[in-house]
Structure formats: structure tokens, C-alpha cells
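Residues 0 to 116, numbered by numbering that gives the first Met the number 0, are exactly what the sequence shown covers, in order.
From the three backbone atoms N, C-alpha and C, an ideal C-beta is built for every residue, glycine too.
All values reported here derive from a predicted model rather than from experimental measurement.
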Amino acid sequence: MVLAEASAYSDSYHCDAIAAADSIVQTLPKSVFLSALAADSDLAATWAATLARGVQAARFRSEIRSLPKVADRLDAWLGAGNHLPPKGRWQDVAHELSVTREALYRELARRRKGAKE
């Protein structure tokens, strides 16, 4: 995974990150990275594809967040192949859907109740 992609094209760029699991992070000087892109067309194409997938993911998140109902947002998110994490991480899904934890919990409870009937 690449972090702070936009920093490659900016004189200064602020980016924060929180690792959700144990992680190994490496840095690469901007000049080395840009030189490698200029020298290797396959690397440049791979980098362009990575950036394009990032734009596609951002658009998808935006589309989901524009849906009016929590149920619709959750359906779209699950329909994209996502799965609910363990119960202690549901707030991450709420954040992804741009809804309150409580709204997501109510929707999940409604679905559990409907599945039992």
C-alpha cells in the first residue's frame, strides 16, 4: 500500500496515518521515486494505475455517502464485496459510510431482526 501519494507532486504535504494492524513502513526520498518513474515506463504505468484505482475508490465512497438512507449505503458497501468486520470494528464501517455508529448499529439490528422472522 502506498501512503501520501500526493506528496510526490507537492513541495509540502501533510498526511497522517493510523495503522489498523502491525505494519512495516518504509520511506523513499521523493527525488529517488520521481527519477525511477522517469527511467522506467513499466513502473510509471503501474504508478498511474495505482493512482487511477485510488480515484475510483474515492468516487465510489462519494457515491455511497450520497445515498440518503443508511440501509442503502450499507447495501452498496456490502455489494462492492466488503464484509462486516468483527463487532468491535463496526465503528470503522460507520465512518466509511459517513453515518453515526448508532445509526449503523440500528440498521444492523433491524437486519438481524428481519433475518430471524
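Aspartate 74 versus Arg110, Ser6, Ala18 and Leu2, residue with shortest Cα-Cα distance: Walking along the sequence shown from the start, residue 74 turns up at place 75. If we check each option's Cα against that of aspartate 74, Arg110 comes out closest.
Helix, strand or coil at glycine 113 according to DSSP, with G and I counted as helix: The count along the sequence shown starts at 1 and reaches residue 113 at position 114. In the structure shown, glycine 113 sits in a helix (DSSP, three-state: H, G or I).
When Ala44, Phe32 and Arg60 are compared against histidine 94, the one with the closest alpha-carbon: As a working note, residue 94 is residue 95 in the sequence shown. Shortest Cα-Cα distance from histidine 94 to any of Ala44, Phe32 and Arg60 involves Arg60.
Buried or exposed (CB count within 10 angstroms, at least 16 for buried), isoleucine 63: Taking the sequence shown and counting its residues from 1, the one referred to as residue 63 is at position 64. Buried, by the Cβ-count rule.
Beta strand (DSSP E) runs wholly inside the stretch 19-73, at least 3 long, in chain order: none
Length of the line joining the Cα atoms of tyrosine 12 and tryptophan 76: In the sequence shown, counting from the first residue as 1, residue 12 sits at position 13. In the sequence shown, counting from the first residue as 1, residue 76 sits at position 77. Going from the Cα of tyrosine 12 to the Cα of tryptophan 76 covers about 30 Å.
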